[in-house]
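Read through the structure below, which is laid out as structure tokens, and then see the notes.
2 protein chains.
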Amino acid sequence: MGKLVECVPNFSEGRRPEVIAAIVNEVKKVQGVTLLNVNSDASHNRTVVTFVGDPQAAKLAAFTACAKAAELIDMEQHQGAHPRVGATDVIPFIPVSDISMEECVQLANELGQEIGEKLNIPVYLYEAAAKTPARVKLPDVRKGEYEGLKTAITTPERQPDYGPAHMHPAAGATVVGARQFLIAYNINLSTSDVEIAKKIAASIREAKGGYKYCRAMGVMIEERNMAQVTINMVDYTGTPLHRVFETVKSEAARYGVNIIGSEIVGMVPLQALIDTADFYLRLEGFERKQVLEENLG
Amino acid sequence: MGKLVECVPNFSEGRRPEVIAAIVNEVKKVQGVTLLNVNSDASHNRTVVTFVGDPQAAKLAAFTACAKAAELIDMEQHQGAHPRVGATDVIPFIPVSDISMEECVQLANELGQEIGEKLNIPVYLYEAAAKTPARVKLPDVRKGEYEGLKTAITTPERQPDYGPAHMHPAAGATVVGARQFLIAYNINLSTSDVEIAKKIAASIREAKGGYKYCRAMGVMIEERNMAQVTINMVDYTGTPLHRVFETVKSEAARYGVNIIGSEIVGMVPLQALIDTADFYLRLEGFERKQVLEENLG
Numbered sequence: 001m002g003k004l005v006e007c008v009p010n011f012s013e014g015r016r017p018e019v020i021a022a023i024v025n026e027v028k029k030v031q032g033v034t035l036l037n038v039n040s041d042a043s044h045n046r047t048v049v050t051f052v053g054d055p056q057a058a059k060l061a062a063f064t065a066c067a068k069a070a071e072l073i074d075m076e077q078h079q080g081a082h083p084r085v086g087a088t089d090v091i092p093f094i095p096v097s098d099i100s101m102e103e104c105v106q107l108a109n110e111l112g113q114e115i116g117e118k119l120n121i122p123v124y125l126y127e128a129a130a131k132t133p134a135r136v137k138l139p140d141v142r143k144g145e146y147e148g149l150k151t152a153i154t155t156p157e158r159q160p161d162y163g164p165a166h167m168h169p170a171a172g173a174t175v176v177g178a179r180q181f182l183i184a185y186n187i188n189l190s191t192s193d194v195e196i197a198k199k200i201a202a203s204i205r206e207a208k209g210g211y212k213y214c215r216a217m218g219v220m221i222e223e224r225n226m227a228q229v230t231i232n233m234v235d236y237t238g239t240p241l242h243r244v245f246e247t248v249k250s251e252a253a254r255y256g257v258n259i260i261g262s263e264i265v266g267m268v269p270l271q272a273l274i275d276t277a278d279f280y281l282r283l284e285g286f287e288r289k290q291v292l293e294e295n296l297g
Numbered sequence: 298m299g300k301l302v303e304c305v306p307n308f309s310e311g312r313r314p315e316v317i318a319a320i321v322n323e324v325k326k327v328q329g330v331t332l333l334n335v336n337s338d339a340s341h342n343r344t345v346v347t348f349v350g351d352p353q354a355a356k357l358a359a360f361t362a363c364a365k366a367a368e369l370i371d372m373e374q375h376q377g378a379h380p381r382v383g384a385t386d387v388i389p390f391i392p393v394s395d396i397s398m399e400e401c402v403q404l405a406n407e408l409g410q411e412i413g414e415k416l417n418i419p420v421y422l423y424e425a426a427a428k429t430p431a432r433v434k435l436p437d438v439r440k441g442e443y444e445g446l447k448t449a450i451t452t453p454e455r456q457p458d459y460g461p462a463h464m465h466p467a468a469g470a471t472v473v474g475a476r477q478f479l480i481a482y483n484i485n486l487s488t489s490d491v492e493i494a495k496k497i498a499a500s501i502r503e504a505k506g507g508y509k510y511c512r513a514m515g516v517m518i519e520e521r522n523m524a525q526v527t528i529n530m531v532d533y534t535g536t537p538l539h540r541v542f543e544t545v546k547s548e549a550a551r552y553g554v555n556i557i558g559s560e561i562v563g564m565v566p567l568q569a570l571i572d573t574a575d576f577y578l579r580l581e582g583f584e585r586k587q588v589l590e591e592n593l594g
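The listed protein sequences correspond, in order, to chains P and W.
For the first sequence, the working numbering gives the first residue as 1, with consecutive numbering after it.
For the second sequence, the working numbering gives the first residue as 298, with consecutive numbering after it.
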């Protein structure tokens, strides 16, 4: 199947369909890239584009879309509910198959340099690509937003990683980085007591001493009169699905509660399902290329 | 990803590399087909070719390879340890993704008719494509082999499903059909007592009252001083991996024995792994298209 990376650029335009179409078209034009989703939000005035492809094709698509956004979006005119620093606000690369996080960090650096030099837009690297701990989290990098960063960018601690040390007059700044695939995962409980779900969520989430790559909350699903542990698995290679499932099962048993089902919301990388089967069947020496469909094309 | 079928034709030539290469080349030439494996055995004087592709491409590749085999193999000269009735001995179609067994039976009928009419080779349909119960099992269809079938073919009960009611002078007859994907699956036990493995194997195999689509034996793996249940899963959609694994675990516990691991030997369709994850995570409403890699162009 070859190396595959996902890229999810966020653009500061969610209202003008012709502008959104022009940006998305830049992605579509690149061979070796498959567009998966386009999600525009008018109140946020923001569009999230999801595509996958081989690393170089993905980088090219991200660059041309960023160039088009710089041409068509004027941050001086932009208003919206969502925090942002530029026309292309943030571009994360996500490893999908046969590619390491290190390669995605490298890709983020290459793209950052290209955007800085060719488009004259200042670029900040974040998450796995961050060069200092202060720039790992997106909210820290975006502090002050477009308006505040115009002056803050000249201070030493806000100096960009690539490009000029001043904002692009229309496109602002862009944040580029690499992170793991996020799996939205819900576990449904045989109880209508949301307090139990909240206690279980606390037991698995990082903030309360649980799993490092697990964000979790207990919520009530009114339509089913059922409590649910709703989870963001922010790195399934570090904290796998089966471990969270088994821990929730064990913690729920403490309250006499069972798991009645679980839901994967949206996409999941094949590797996360292989890892699950590998664990439960106690597979010895299983290799991904044994999956028949992996040998095509 | 689109409809995908596997095809595993067996040819009665395992000694002359140039003949094998010429036959395999017919498969390689067809667009939309991916060659997965070629396995020749000199003592059997037989070659097994494995390829996958979209249904029409797979049918075309099977036909052209069969035509080439009829051109280059003379059954009057053929000797080998393996039972056979023709130059192209047997052609099974196997559903892999987005295709039903009924569609594979239809494909077998189309190919059988084409081989009968265009190559003048008598064709018998077997397994899921069989038109009578007496022709389901390959050994029944192959009874008497090439030499015996030359006269038996004229009797009403051995009349072919397609093509002439006499053997092709060089290529003999061909058996075409449709069957499920076979998964070779071994479960390793925490004991060196092969009798326990044999008892567990008896509990899961169809012949002894076990699972319908399960063939199993207990064997000793000398290098690891370990007993093993070695299994052919002949229809993982009817008898899934997890059910066999859990039953072996339960039966082994009866003897104070644990499962120390399991092995998938060779290829496995993605769906079998999805089904495993689906079972253990108790997934609700999971669809195959949620697998990220399934959405690629």
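Note that the Cβ used here is the ideal one computed from N, Cα and C, for glycine as well.
Proximal residues of chain W, C-beta to C-beta of P:M267 below 7 Å
In the first sequence, counting from the first residue as 1, residue 267 of chain P sits at position 267. Under the 7 Å cutoff, chain W gives Q587 and L589.
Going straight from the alpha carbon of P:A134 to that of P:G144, what length do you get?
Taking the first residue of the first sequence as position 1, residue 134 of chain P is located at position 134. Taking the first residue of the first sequence as position 1, residue 144 of chain P is located at position 144. Taking the straight line from one Cα to the other gives about 15 Å.
Given that P:G285 touches chain W, what residues does it touch there, using C-beta distances under 8 Å?
Numbered from 1 along the first sequence, position 285 holds the residue referred to as residue 285 of chain P. The answer, in chain order, is E560.
Please list, in chain order, the chain W residues whose beta carbon lies closer than 8 Å to that of P:V85.
Walking along the first sequence from the start, residue 85 of chain P turns up at place 85. What P:V85 touches in chain W: nothing, since even the nearest Cβ is about 28 Å away.
By the DSSP assignment, the alpha helix (DSSP H) with W:E323 in it spans what residues?
Residue 323 of chain W sits at position 26 when you count from the first residue of the second sequence. Here the alpha helix (DSSP H) through W:E323 covers P314 to K325.
Tell me where the beta strand (DSSP E) around P:P95 begins and ends.
The sequence position of residue 95 of chain P within the first sequence is 95, counting from 1. In this chain, the beta strand (DSSP E) harbouring P:P95 covers T88 to S97.
Which residues does DSSP list as the beta-bridge partners of W:A499?
The sequence position of residue 499 of chain W within the second sequence is 202, counting from 1. Partner residues in a beta bridge of W:A499, as assigned by DSSP, do not exist.
So is P:N225 in contact with chain B if we call contact Cβ pairs under 9 Å?
Any reference to chain B falls outside this structure, whose protein chains are P and W.
Do you know offhand how far P:E102's Cα is from P:Y124's?
As a position in the first sequence, residue 102 of chain P is number 102, starting the count at 1. As a position in the first sequence, residue 124 of chain P is number 124, starting the count at 1. Rounded to the nearest angstrom, the two C-alpha atoms are 17 Å apart.
I want to see whether chain W comes within less than 9 Å of P:I274, judged by CB atoms only; does it?
Counting from one through the first sequence, the residue named residue 274 of chain P turns up at place 274. True, the Cβ-Cβ gap to chain W drops below 9 Å.
Looking only at C-alpha atoms, which of P:N120, P:N295 and P:A178 sits nearest to P:A300?
Here chain P covers residues 1 to 297 and nothing more, so residue 300 of chain P does not appear.
For a test of the three-state rule: what should DSSP assign to P:V105, helix, strand or coil?
Taking the first residue of the first sequence as position 1, residue 105 of chain P is located at position 105. In the structure shown, P:V105 sits in a helix (DSSP, three-state: H, G or I).
With a 10 Å radius around its C-beta and 16 neighbouring C-beta atoms as the bar for buried, classify P:Q31 as buried or exposed.
On the first sequence, position 31 is the one that residue 31 of chain P refers to. Result: exposed.
Just to confirm, are W:T385 and W:A468 a CB contact at a threshold of 9 Å?
On the second sequence, position 88 is the one that residue 385 of chain W refers to. On the second sequence, position 171 is the one that residue 468 of chain W refers to. Yes, the Cβ-Cβ distance between W:T385 and W:A468 is below 9 Å.
With distance defined between alpha-carbon atoms, name the residue in W:A405, W:P352 and W:R343 nearest to W:P380.
Stepping through the second sequence from its first residue, residue 380 of chain W is reached at position 83. Checked all of W:A405, W:P352 and W:R343; the closest Cα to W:P380 is W:R343.
Opposite W:A417 in the DSSP bridges: which residues?
The residue labelled residue 417 of chain W in the question sits at position 120 within the second sequence. Inspection of the sequence shows that residue 417 of chain W is occupied by Asn rather than by Ala. Per DSSP, none; premise fails for W:N417.
Is P:L138 closer than 9 Å to P:E147 when the C-beta atoms are compared?
Here the question's residue 147 of chain P lines up with position 147 in the first sequence. Here the question's residue 138 of chain P lines up with position 138 in the first sequence. With respect to the 9 Å criterion, P:E147 and P:L138 are not classified as neighbours on the basis of their beta carbons.
Please give the ranges of any beta strand (DSSP E) in the stretch 499-552 of chain W, keeping only runs that are unbroken, at least 3 residues long and fully inside the region.
511-518 and 523-530
Compute every distance between the C-beta of W:R585 and the non-hydrogen atoms of the ligand NAP, then say whether any falls below 8 Å.
This structure simply doesn't include the ligand NAP, nor any ligand for that matter.
Could you name the residues of the same chain whose beta carbon sits closer than 6 Å to that of W:T347, not counting the 5 residues immediately before and after it, in chain order?
As a working note, residue 347 of chain W is residue 50 in the second sequence. Only V305, L333 and N334 meet the Cβ criterion.
Pull up the DSSP beta-bridge partners for P:S40, would you.
To locate residue 40 of chain P, count along the first sequence from 1; it is residue 40. DSSP, once it has assigned bridges, lists P:T47 as partnering P:S40.
So P:V52 contacts chain W; which residues on that side make the cut at Cβ distance below 8 Å?
Position 52 of the first sequence, counting from 1, holds the residue named residue 52 of chain P. Per Cβ cutoff of 8 Å: L589, N592 and L593.
Measure from the alpha carbon of P:D193 to the alpha carbon of each residue in P:P169, P:D74 and P:Q228, then state which is nearest.
For this step, residue 193 of chain P is matched to residue 193 along the first sequence. Of the candidates P:P169, P:D74 and P:Q228, the one whose C-alpha sits nearest the C-alpha of P:D193 is P:Q228.
Between W:R579 and chain P, is the shortest Cβ-Cβ distance under 9 Å, so that the two count as touching?
Working through the second sequence from its first residue, we reach residue 579 of chain W at position 282. Output row for W:R579: interface = yes.
Work out the CA separation of W:H341 and W:I275 for me, nearest whole Å.
Any answer about residue 275 of chain W is impossible in this case: the structure gives chain W only from 298 up to 594.
Just how far apart, CA to CA, sit W:G350 and P:N109?
Sequence index remark: in the second sequence, residue 350 of chain W carries index 53 (1-based). Sequence index remark: in the first sequence, residue 109 of chain P carries index 109 (1-based). Each residue's Cα considered, the two are about 39 Å apart.
Sort W:A475, W:A574 and W:A499 by Cα distance to W:D532 and report the nearest one.
The count along the second sequence starts at 1 and reaches residue 532 of chain W at position 235. Selected option, being the one with the closest Cα: W:A475.
Inspect the CB distances between the stretch 301-315 of chain W and the stretch 267-281 of chain P and report whether three or more fall short of 8 Å.
no
Quick one: is P:A277 near chain W, going by C-beta distance under 9 Å?
Start at 1 with the first residue of the first sequence, and residue 277 of chain P comes out as number 277. By this cut-off, P:A277 is an interface position.
Same chain, Cβ closer than 8 Å to W:I557, neighbours up to 5 away in sequence not counted:
Reading the second sequence from its first residue, position 260 is the one you call residue 557 of chain W. Same-chain partners within the cutoff: N485, L486, S487 and M523.
How is P:F11 classed by DSSP in three states: helix, strand or coil?
Working through the first sequence from its first residue, we reach residue 11 of chain P at position 11. Looking at P:F11 - three-state DSSP - the assignment turns out to be strand.
Assumed close pair W:I370, W:E310 - CB separation to whole angstroms, cut-off 8 Å
Against the second sequence, residue 370 of chain W aligns to sequence position 73. Against the second sequence, residue 310 of chain W aligns to sequence position 13. The pair is a contact, with the Cβ atoms about 5 Å apart (cut-off 8 Å).
Can you have a look at W:P352 and say buried or exposed, based on whether 16 or more other CB atoms are within 10 angstroms of its CB?
Taking the second sequence and counting its residues from 1, one reaches residue 352 of chain W at position 55. That one is buried.
Counting only beta-carbon separations shorter than 9 Å, does W:I396 have a partner in chain P?
What you label residue 396 of chain W is simply residue 99 of the second sequence in a count that begins at 1. W:I396 does not count as touching chain P.
Cβ closer than 8 Å: which chain P residues qualify as neighbours of W:I556?
What you label residue 556 of chain W is simply residue 259 of the second sequence in a count that begins at 1. Per Cβ cutoff of 8 Å: R282.
Residues of the stretch 18-36 of chain P with a CB closer than 7 Å to any CB of chain W: list them in chain order, please.
T34 and L36
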